[in-house]
Ligand SMILES: C[S@@+](CC[C@H](N)C(=O)[O-])C[C@H]1O[C@@H](n2cnc3c(N)ncnc32)[C@H](O)[C@@H]1O
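Numbering (the UniProt record's numbering), first residue to last: 1 to 245.
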């Protein structure tokens, strides 16, 4: 493996629900969207496919799951096969989604856009949504504007180019063609960490091999150190944005 990345770490350990709040939060925010068997849903940056599997099992929705990481796709494919779920799984890049415009009723994105060229990715979500369709995007959000030094520290682990504040995310969403933008859930990183009261079924899922490149443990500890260090300066928000008609 070349110099491993944060996503290689997540993929190797097979961390499902790799976003603040995990599947419990996903369940809550999606419950309000009135999904049916007819709903066309895209899980963009699906990781190991935990959310996509949940959407098919719970709503019978027509789910497409896309990621660019081969090992994530492999773990997602194994999950869908094991559970006998009909999810369309594709390798692809959110900067250039391989779908015609107006394809989906809901685009769900969980902790993905922050790692991309944000405006390009948001423009793609907007393009593939039907008019009036909904984007739910859960993303790392700065609680206040971060200094160049802070951004550099985050970039050294996450390879992020920027970490927008809530106001900046809202502006970017509007710029990408979304008419109504709101925040449906959020808090600091500290508020989203599992604690002693978190039920076991809500803890992140692991699907790890027996032998692991030791450099991945370094990424894990760097990630944990940053999570603690920035626990009040960084947060997450779930942005709900409706594609303009
Ligand atoms: C933090 S993980 C979150 C995975 C999943 N959404 C979840 O919540 O468990 C970020 C995911 O985004 C994917 N990703 C990052 N950049 C991407 C891109 N440009 N196109 C497609 N997937 C991307 C990574 O491969 C990884 O699976």
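Ideal placement from N, C-alpha and C gives every residue a C-beta, glycine not left out.
Proximity test, residue i beta-carbon vs ligand 1 heavy atom, cut-off 7 angstroms
i, result
"residue 18", "yes"
"residue 56", "no"
"residue 140", "no"
"residue 88", "no"
"residue 111", "yes"
"residue 223", "no"
"residue 136", "no"
"residue 207", "no"
"residue 94", "yes"
"residue 50", "yes"
"residue 8", "no"
"residue 116", "yes"
"residue 67", "yes"
Selection from the options that minimises the alpha carbon distance to residue i
i, options, result
"residue 20", "34, 84 and 139", "139"
"residue 33", "184, 120 and 214", "184"
"residue 173", "134, 25, 222 and 144", "134"
"residue 177", "241, 3 and 118", "241"
"residue 239", "227, 68 and 113", "113"
"residue 26", "88, 43 and 166", "43"
"residue 49", "70, 192, 235 and 116", "70"
"residue 6", "215, 228 and 209", "215"
Identity of the residues DSSP links to residue i by a beta bridge
i, result
"residue 42", "64 and 107"
"residue 237", "139 and 186"
"residue 205", "16"
Short CB-CB distance (under 8 angstroms) between residue i and chain D
i, result
"residue 64", "Absent here is chain D; the protein component of the structure consists of one chain."
- Can you list, in chain order, the stretches of the alpha helix (DSSP H) that have 4 or more residues and sit fully within the region 74 to 101? none
- Completely contained beta strand (DSSP E) runs for the region 109 to 185, where each covers 3 or more residues: 129 to 142
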